[in-house]
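S.K.: Numbering (the numbering used here), first residue to last: 2 to 405.
Note that the Cβ used here is the ideal one computed from N, Cα and C, for glycine as well.
All figures in this text were calculated on a predicted structure; none of them were measured in a lab.
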Ligand SMILES: Cc1cc2nc3c(=O)[nH]c(=O)nc-3n(C[C@H](O)[C@H](O)[C@H](O)COP(=O)(O)OP(=O)(O)OC[C@H]3O[C@@H](n4cnc5c(N)ncnc54)[C@H](O)[C@@H]3O)c2cc1C
């Protein structure tokens, strides 16, 4: 029986406990039996998962209250519980859910009423599939290096350039994209737009096969003319919009990693209690107990960081840059180690293609790279920590001066 005692932690309300319980029951029936995705079936499986998530009502959680009747604007603890639970059962279910959120998050947070009305109900109903297109061949970690350009022309913007590593690339019905509008050099000269996938000039240049199959592609924009009203926020707000969206969704990447790690731990516990080694259950070997202890400790520490960040964003502060970076960094790095130990515990079975821990071993790897690689999270944490230290040092100095 998986450990669900964490839902009693003080970060959660009764509605969260109900959500975790109901979703888990739903996922056992609707997600767990689905097959593993392969390159040639992954788009179909993703569409099926989006349909199922919409029918189950779970996509209500990725759009604000007016469109879902639930939360306004987005309840991050719910998003994290959803990603953790879906990730526990089937990584592609988590992916399908997360992309509906990441691809539409900037519209929920910064879109005009018209854009919200136009896109959010369809996201919630699973009728439109969303994507978030920030990365470029020469601008991954270094977002300020974005070259895709959006040029004003009458009542339109004309988009030219390319984006790569775009999840749902080729499958999406629209893309939230970030392009250079040139108000200032670097990060301050970027803007965010919504671009429909069927617009003339938008092409899927290449599908990118990866170690754990997901719809992933390189997209090209050749003179794509979009209405000016598809701008999100103000011209020059693009970097701020990207970072605010990632602030929300980075914590949820940590939650997905937590779900993967919890599944690996549960698989390992099952194995160590049923497998006999040297005439006794494997779990009686103290070296195995040491592994299980490290895995359980890592899972709980990740959960504390993930739900601390989510609770802080829901209840205390609009921006949780430091907390979200800590949650993502710790949960993804820890999940990699926990899953690796689970593979070790399973021995030869653990590296057998399609075994749950072998799948998790491939699924977890990209989470340490996307939405800011681990090294980028460390830089964020260090900068925020230094900033807070110097702010409190300045405060001490000014209160000393004020003290006669
Ligand atoms: C499966 C997958 C899905 C993705 N989905 C999307 C998507 O939907 N939308 C989107 O826009 N992008 C997406 N990406 C792109 C992802 O965000 C980038 O791959 C990531 O930001 C890293 O950029 P890069 O690949 O260009 O690597 P680079 O920027 O070249 O970085 C390479 C490595 O350098 C190291 N590094 C980076 N910065 C520092 C630093 N400051 N100090 C020290 N070391 C550093 C890190 O180890 C990093 O992995 C996805 C990527 C993958 C793998």
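For the 8 Å Cβ check, are there 3 or more pairs between the segment 334 to 348 and the segment 41 to 60?
M.R.: At 8 Å Cβ cutoff, the stretches do not touch.
S.K.: Excluding sequence positions up to five away, which residues of its chain have a Cβ less than 7 Å from the Cβ of residue 25?
M.R.: Correct list, in chain order: 86.
S.K.: So residue 137 and residue 163 are supposed to be a Cβ contact under 8 Å. How far apart are they, rounded?
M.R.: With a Cβ gap of about 6 Å, residue 137 and residue 163 count as contacting.
S.K.: Hey, residue 127 and residue 20: beta-carbon distance below 9 Å or not?
M.R.: No, the pair does not count as a contact, with Cβ atoms beyond the cut-off.
S.K.: Report the three-state DSSP secondary structure of residue 307 (helix, strand or coil).
M.R.: Note: residue 307 maps to helix in three-state DSSP.
S.K.: In the DSSP assignment, find the unbroken beta strand (DSSP E) run with residue 228 in it and report its ends.
M.R.: 217 to 228 is the span of the beta strand (DSSP E), which, as asked, contains residue 228.
S.K.: Hey, is residue 130 close to ligand 1, as in C-beta under 8 Å from one of its heavy atoms?
M.R.: Answer for residue 130: no, Cβ out of range of ligand 1.
S.K.: Pull up the distance between the alpha-carbon of residue 208 and that of residue 49, whole angstroms please.
M.R.: Distance between the alpha carbons of residue 208 and residue 49 is about 20 Å.
S.K.: Can you grab the Cα-Cα spacing for the pair residue 257 / residue 362, in whole Å?
M.R.: Taking the straight line joining both Cα atoms gives about 14 Å.
S.K.: Which residue or residues does DSSP assign as beta-bridge partners of residue 282?
M.R.: According to DSSP, residue 282 bridges with 277.
S.K.: Select from 299, 123, 352 and 350 the residue whose C-alpha is nearest the C-alpha of residue 328.
M.R.: Selected option, being the one with the closest Cα: 299.
S.K.: Answer yes or no: do residue 55 and residue 157 have a C-beta to C-beta separation smaller than 9 Å?
M.R.: It is not a contact, given that the beta carbons lie outside the stated cut-off.
S.K.: Does ligand 1 have a heavy atom nearer than 8 Å to the CB of residue 380?
M.R.: True, at least one ligand heavy atom lies under 8 Å from that Cβ.
S.K.: Contact defined as beta carbons within less than 8 Å: I believe residue 284 pairs with residue 273. What is the distance between those atoms, to the nearest angstrom?
M.R.: The Cβ separation is near 4 Å, so the contact holds.
S.K.: Does the pairing of the segment 211 to 223 with the segment 171 to 183 give three or more beta-carbon distances under 8 Å?
M.R.: As far as the Cβ criterion goes, the segment 211 to 223 touches the segment 171 to 183, which means the pair count is three or higher.
S.K.: Which residue from 211, 381, 47 and 210 puts its Cα closest to that of residue 100?
M.R.: Ranking the options by Cα distance to residue 100, first place goes to 47.
S.K.: Looking at the unbroken beta strand (DSSP E) that takes in residue 175, where does it start and where does it end?
M.R.: Taken as a continuous stretch (DSSP letters only), the beta strand (DSSP E) holding residue 175 covers 175 to 181.
S.K.: Excluding five sequence neighbours on each side, which residues of the same chain lie with their C-beta closer than 7 Å to the C-beta of residue 192?
M.R.: Within the same chain, residue 192 has close Cβ partners 151, 180, 182, 232, 236, 237, 238 and 239.
S.K.: Considering only C-alpha positions, which residue in the set 89, 394 and 310 is nearest to residue 358?
M.R.: Out of 89, 394 and 310, 89 has the C-alpha closest to the C-alpha of residue 358.
S.K.: Quick one, which of 63, 134, 190 and 255 has its alpha-carbon nearest residue 1's?
M.R.: Residue 1 is absent from the structure shown; the chain starts at 2 and stops at 405.
S.K.: Would you say the beta carbon of residue 105 is closer than 8 Å to some non-hydrogen atom of ligand 1?
M.R.: No, the Cβ of residue 105 stays beyond 8 Å of every heavy atom of ligand 1.
S.K.: Counting only the same chain and skipping the five closest in sequence on each side, list residues whose C-beta sits under 6 Å from that of residue 176.
M.R.: Cβ neighbours of residue 176 beyond the five flanking positions: 132, 134 and 196.
S.K.: Under 6 Å Cβ to Cβ from residue 223, same chain only, skipping five residues before and after it: list those, please.
M.R.: Cβ within range, chain order: 202.
S.K.: Exposed or buried, residue 186, counting other C-beta atoms within 10 Å across all chains shown (16 or more means buried)?
M.R.: Counting Cβ neighbours within 10 Å, residue 186 comes out exposed, since fewer than 16 surround it.
S.K.: At what residues does the beta strand (DSSP E) containing residue 152 begin and finish?
M.R.: Per DSSP, residue 152 belongs to the beta strand (DSSP E) from 150 to 154.
S.K.: Would residue 144 and residue 105 qualify as a contact pair, given that the criterion is a beta-carbon distance under 9 Å?
M.R.: Their beta carbons are not under 9 Å apart, which means residue 144 does not touch residue 105 by this criterion.
S.K.: What is the DSSP secondary structure of residue 163, counted as helix, strand or coil?
M.R.: Strand at residue 163.
S.K.: Would you say the beta carbon of residue 224 comes nearer than 8 Å to a heavy atom of ligand 1?
M.R.: No, the Cβ of residue 224 stays beyond 8 Å of every heavy atom of ligand 1.
S.K.: Following the continuous alpha helix (DSSP H) through residue 344, name the residue where it begins and the one where it ends.
M.R.: Segment 322 to 347, the alpha helix (DSSP H) holding residue 344.
S.K.: When you compare the CB positions of residue 315 and residue 78, do they come within less than 9 Å of one another, or not?
M.R.: In contact: residue 315 and residue 78 (Cβ atoms closer than 9 Å).
S.K.: Three-state secondary structure (DSSP) at residue 48?
M.R.: Helix at residue 48.
S.K.: Find out if the Cβ-Cβ distance for the pair residue 109, residue 117 is shorter than 9 Å.
M.R.: Result yes, Cβ atoms of residue 109 and residue 117 sit closer than 9 Å.
S.K.: Note down the Cα distance separating residue 6 from residue 148, rounded to an integer number of angstroms.
M.R.: Rounded to the nearest angstrom, the two C-alpha atoms are 48 Å apart.
S.K.: Per DSSP, which one or two residues make a beta bridge with residue 158?
M.R.: BP columns for residue 158 point to 153 and 227.
S.K.: From residue 246 to residue 35, what does the alpha carbon distance come to, in whole angstroms?
M.R.: Spanning the two alpha carbons is a distance of roughly 30 Å.
S.K.: Is residue 37 helix, strand or coil by DSSP?
M.R.: In the structure shown, residue 37 sits in coil (DSSP, three-state: anything other than H, G, I, E or B).
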